[in-house]
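Number of protein chains: 2
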Amino acid sequence: PDAEAAAAAAAREPQLTKPPGSLGRLEDLAAWLAAWQGRHPARLDSVRACVFAGNHGVAALGVSAFPASVTAQMVANFKAGGAAVNQLCRAVGAELTVTALDLDRPTADFTKGPAMTEDEVVAALNAGLEQVTTAPPDALCVGEMGIANTTSAAAIALALFGGSPMEWTGPGTGVKGEALSHKARVVADGVTANTADAPDGLEVLRRLGGRELAAIAGAVAGARLARVPVVLDGYITTAAAACLEAARPGSLDHCVVAHASAEPGHGRLVEKLGKRAILDLGMRLGEGSGAVLAAGVLKAAAACHAGMATFAEAGVADKPAAEEA
Amino acid sequence: PDAEAAAAAAAREPQLTKPPGSLGRLEDLAAWLAAWQGRHPARLDSVRACVFAGNHGVAALGVSAFPASVTAQMVANFKAGGAAVNQLCRAVGAELTVTALDLDRPTADFTKGPAMTEDEVVAALNAGLEQVTTAPPDALCVGEMGIANTTSAAAIALALFGGSPMEWTGPGTGVKGEALSHKARVVADGVTANTADAPDGLEVLRRLGGRELAAIAGAVAGARLARVPVVLDGYITTAAAACLEAARPGSLDHCVVAHASAEPGHGRLVEKLGKRAILDLGMRLGEGSGAVLAAGVLKAAAACHAGMATFAEAGVADKPAAEEA
Numbered sequence: 599p600d601a602e603a604a605a606a607a608a609a610r611e612p613q614l615t616k617p618p619g620s621l622g623r624l625e626d627l628a629a630w631l632a633a634w635q636g637r638h639p640a641r642l643d644s645v646r647a648c649v650f651a652g653n654h655g656v657a658a659l660g661v662s663a664f665p666a667s668v669t670a671q672m673v674a675n676f677k678a679g680g681a682a683v684n685q686l687c688r689a690v691g692a693e694l695t696v697t698a699l700d701l702d703r704p705t706a707d708f709t710k711g712p713a714m715t716e717d718e719v720v721a722a723l724n725a726g727l728e729q730v731t732t733a734p735p736d737a738l739c740v741g742e743m744g745i746a747n748t749t750s751a752a753a754i755a756l757a758l759f760g761g762s763p764m765e766w767t768g769p770g771t772g773v774k775g776e777a778l779s780h781k782a783r784v785v786a787d788g789v790t791a792n793t794a795d796a797p798d799g800l801e802v803l804r805r806l807g808g809r810e811l812a813a814i815a816g817a818v819a820g821a822r823l824a825r826v827p828v829v830l831d832g833y834i835t836t837a838a839a840a841c842l843e844a845a846r847p848g849s850l851d852h853c854v855v856a857h858a859s860a861e862p863g864h865g866r867l868v869e870k871l872g873k874r875a876i877l878d879l880g881m882r883l884g885e886g887s888g889a890v891l892a893a894g895v896l897k898a899a900a901a902c903h904a905g906m907a908t909f910a911e912a913g914v915a916d917k918p919a920a921e922e923a
Numbered sequence: 599p600d601a602e603a604a605a606a607a608a609a610r611e612p613q614l615t616k617p618p619g620s621l622g623r624l625e626d627l628a629a630w631l632a633a634w635q636g637r638h639p640a641r642l643d644s645v646r647a648c649v650f651a652g653n654h655g656v657a658a659l660g661v662s663a664f665p666a667s668v669t670a671q672m673v674a675n676f677k678a679g680g681a682a683v684n685q686l687c688r689a690v691g692a693e694l695t696v697t698a699l700d701l702d703r704p705t706a707d708f709t710k711g712p713a714m715t716e717d718e719v720v721a722a723l724n725a726g727l728e729q730v731t732t733a734p735p736d737a738l739c740v741g742e743m744g745i746a747n748t749t750s751a752a753a754i755a756l757a758l759f760g761g762s763p764m765e766w767t768g769p770g771t772g773v774k775g776e777a778l779s780h781k782a783r784v785v786a787d788g789v790t791a792n793t794a795d796a797p798d799g800l801e802v803l804r805r806l807g808g809r810e811l812a813a814i815a816g817a818v819a820g821a822r823l824a825r826v827p828v829v830l831d832g833y834i835t836t837a838a839a840a841c842l843e844a845a846r847p848g849s850l851d852h853c854v855v856a857h858a859s860a861e862p863g864h865g866r867l868v869e870k871l872g873k874r875a876i877l878d879l880g881m882r883l884g885e886g887s888g889a890v891l892a893a894g895v896l897k898a899a900a901a902c903h904a905g906m907a908t909f910a911e912a913g914v915a916d917k918p919a920a921e922e923a
């Protein structure tokens, strides 16, 4: 973070025409944006939502309520402007990029061994990184689409943080009952097959992640280099980012968690990362939807901090009544 | 509510390209908007934020951290575009109207008797009503400015819902310690002086409210007539609206609570009304700030519901994988 920009934000905030602290979290977010953009006041003219899509070998094991073909169908829907994230980008004022990563080549079934080779994971990381380092925006929202990727996210969370498979396994697109127990067994099998040698965060990403999760990690890392604050979406996005944090603590200090997903493992994951979600609206769609909605809150925070008059400018009394008397 | 519009919303929602329920509260809000606008899909092209300002006799008793002169100074700040609500309206895309109600004539000190005469409360109710029934917007955000009006809100809440004065009395602009205990005594004295005859909701508003609180109640009632869904801001706004609910249960069914204010009595008040806040960002500024921010969420909800492609339109499989196999 940039200490000078942070100090400038801290110096301006108490001069603005409101009781100290009365904008709550908006004040913290404005300061955080300045620190990570390295300029004061922070600007949020351009917000980019990057949605990454990938297919998963484990989809063939029946872990999702939808067939794997839906990944490509939804990518077409993003490109045609028909998905939720398209409407949200328009409502909030964000541009959308959609990156489909080798959809016709699913990752390997991770219950049998690593999901990706080193070449594959590096290619996906780079694909993500490029989406943010090329003409960097003022802020980045990351999201994903990939049938079976809550299974991947659960396996990553279990590998990184331990616990029981059921703690991290949720309904995703709508799996329940015996199918949910089966999904948890797939998660457990994946972790058993891949973590005997206690791999580090990036190895966990390679072995249990997917191309879209690796691209998210690449985008998050690229954003750090390019001084772009990041809004993480839901469970899958946060699990992908958690691999960076596991590899190097502090790697997600330039990120906020957009919302508390209804996917049950998300709350625990956010807590493990020491974060606190901005919104809590029971969303669990992915595709960056929660991140884009939260970017609207960031825009509001930046607008208040930069645009409000100071007590001196507005001629408003900033002294307590008792001190005046 | 309009049953036909509600039914149309309920019929469209499961056709949209997402797992059922995955947009969480956004789905509920889109349906609620349609029902109360009486049209499907709901439109949110025009959002109006109405901020009402008034002065309070009890301000002279030292219940606020700021002098009463700040009310007029902040009205000037709203008009000049320097306040938080101005930046938020710009960020979210809402128009702002500011109505100052006889600022040079504070209400009477309600520890001695009613704050307003019948003529005064009716004039204020009408001033609020006119702001929404003249060229009604697609949605209304209501907010307020008035030094000492958390004292008024606390007195209303105590009169309507009982409990102890301290349960409803909070720091407002920043009162603490002995000054906070004093504020709670003023609240208690106001209720003692005005509720011996168990007045109904509108009488509580007249006796313990203020002009800006009455104008809020008028705007909320006017919005119901004009089929305009309402976003209530924080503690004072919700207390003013609660007088309508007390007078006639169901009067706030066309309203949502924008955010969970940091003012401690707000959570209890929202619970008494059977509502659930949309945002929880530790805000406690008033002036409609939370309502306008939440209107951004409503816009997003309406945009998703109206703009998303259906499974049929997008050629996306809507069948569970198991049913396909």
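As you go down the protein sequences, you meet chains F and W in turn. Residues in the first sequence are numbered from 599 upward in steps of one, following the numbering used here. Residues in the second sequence are numbered from 599 upward in steps of one, following the numbering used here. Glycine is no exception: its CB is placed at the ideal position from the N, C-alpha and C atoms.
Could you check what DSSP says for residue i in three-state terms: helix, strand or coil?
i: W/Phe676; result: helix
i: W/Ala907; result: coil
i: F/Glu861; result: coil
i: F/Gly884; result: coil
i: W/Arg825; result: coil
i: W/Met714; result: coil
i: W/Val914; result: coil
i: W/Leu738; result: strand
i: W/Leu614; result: strand
i: W/Arg646; result: strand
i: F/Leu879; result: coil
i: W/Ala746; result: coil
i: W/Val855; result: strand
i: F/Ala892; result: helix
i: F/Ala658; result: helix
i: F/Ala651; result: strand
i: F/Ala670; result: helix
i: F/Leu621; result: coil
i: W/Ala663; result: coil
Are the beta-carbon atoms belonging to residue i and residue j less than 8 Å from one another?
i: W/Ala817; j: W/Gly726; result: yes
i: F/Thr709; j: F/Arg809; result: no
i: W/Ala838; j: W/Gly888; result: no
i: W/Ala632; j: W/Ala603; result: yes
i: W/Leu803; j: W/Val719; result: yes
i: W/Leu659; j: W/Val784; result: yes
i: W/Gly772; j: W/Ala601; result: no
i: F/Arg866; j: W/Ser620; result: no
i: F/Thr669; j: F/Asn653; result: yes
i: W/Ser799; j: W/Ala856; result: As written in the sequence, residue 799 of chain W is Gly, which differs from the Ser given in the question. It is not a contact, given that the beta carbons lie outside the stated cut-off.
i: F/Leu686; j: F/Asn747; result: no
i: F/Ala682; j: W/Cys902; result: yes
i: W/Ala915; j: F/Pro665; result: yes
To the nearest angstrom, how far is the alpha carbon of residue i from that of residue j?
i: W/Gly886; j: W/Leu830; result: 8 Å
i: W/Pro618; j: F/Val656; result: 23 Å
i: W/Ser859; j: W/Ala689; result: 21 Å
i: W/Gly768; j: W/Ala755; result: 12 Å
i: W/Ala919; j: F/Asp795; result: Only weak support is given to the placement of W/Ala919: the predicted model assigns it a pLDDT of 45, under 50, and the value that follows is read from those uncertain coordinates. Their backbone Cα atoms lie some 35 Å apart in a straight line.
i: F/Ala910; j: F/Ala609; result: 14 Å
i: F/Ala737; j: F/Val828; result: 6 Å
i: F/Thr835; j: F/Val826; result: 17 Å
i: W/Leu701; j: W/Val730; result: 21 Å
i: F/Lys873; j: W/Met906; result: 31 Å
i: F/Leu778; j: F/Ile876; result: 29 Å
i: W/Pro639; j: W/Lys897; result: 12 Å
i: F/Thr615; j: F/Ala904; result: 12 Å
i: W/Thr679; j: W/Val740; result: Residue 679 of chain W is actually Gly in this sequence, not Thr. Going by the C-alpha atoms only, they are around 17 Å apart.
i: W/Glu765; j: W/Val868; result: 14 Å
i: F/Gly913; j: W/His852; result: 38 Å
i: F/Phe650; j: F/Asn792; result: 24 Å
Run down chain W in chain order and give the residues with a C-beta less than 9 Å from the C-beta of residue i.
i: F/Thr615; result: Gln671, Met672, Asn675, Gly680, Ala681 and Ala682
Anything in chain F within Cβ reach of residue i, meaning under 8 Å, just list it in chain order.
i: W/Pro618; result: Gly772
i: W/Val668; result: Val914 and Ala915
Residue i versus chain W: which residues are under 7 Å apart at the beta carbon?
i: F/Val906; result: A quick correction: the sequence has Met, not Val, at residue 906 of chain F. Those within 7 Å of F/Met906 in chain W are Gly680, Ala681, Ala682 and Gln685.
i: F/Lys897; result: Ala689
Using a C-beta to C-beta distance shorter than 9 Å, which residues of chain F count as neighbours of residue i?
i: W/Asp946; result: Since the first residue of chain W shown is 599 and the last is 923, residue 946 of chain W is not available in this structure.
query = Hey, which unbroken runs of the alpha helix (DSSP H) at 4 residues or more fall wholly within the segment 786-846 of chain F?
reply = As far as the segment 786-846 of chain F is concerned, its whole alpha helix (DSSP H) runs of at least 4 residues are 799-806, 809-823 and 833-845.
query = What are the complete alpha helix (DSSP H) segments, minimum 4 residues, inside the segment 681-736 of chain W?
reply = Here the runs fully enclosed are 682-690 and 716-731.
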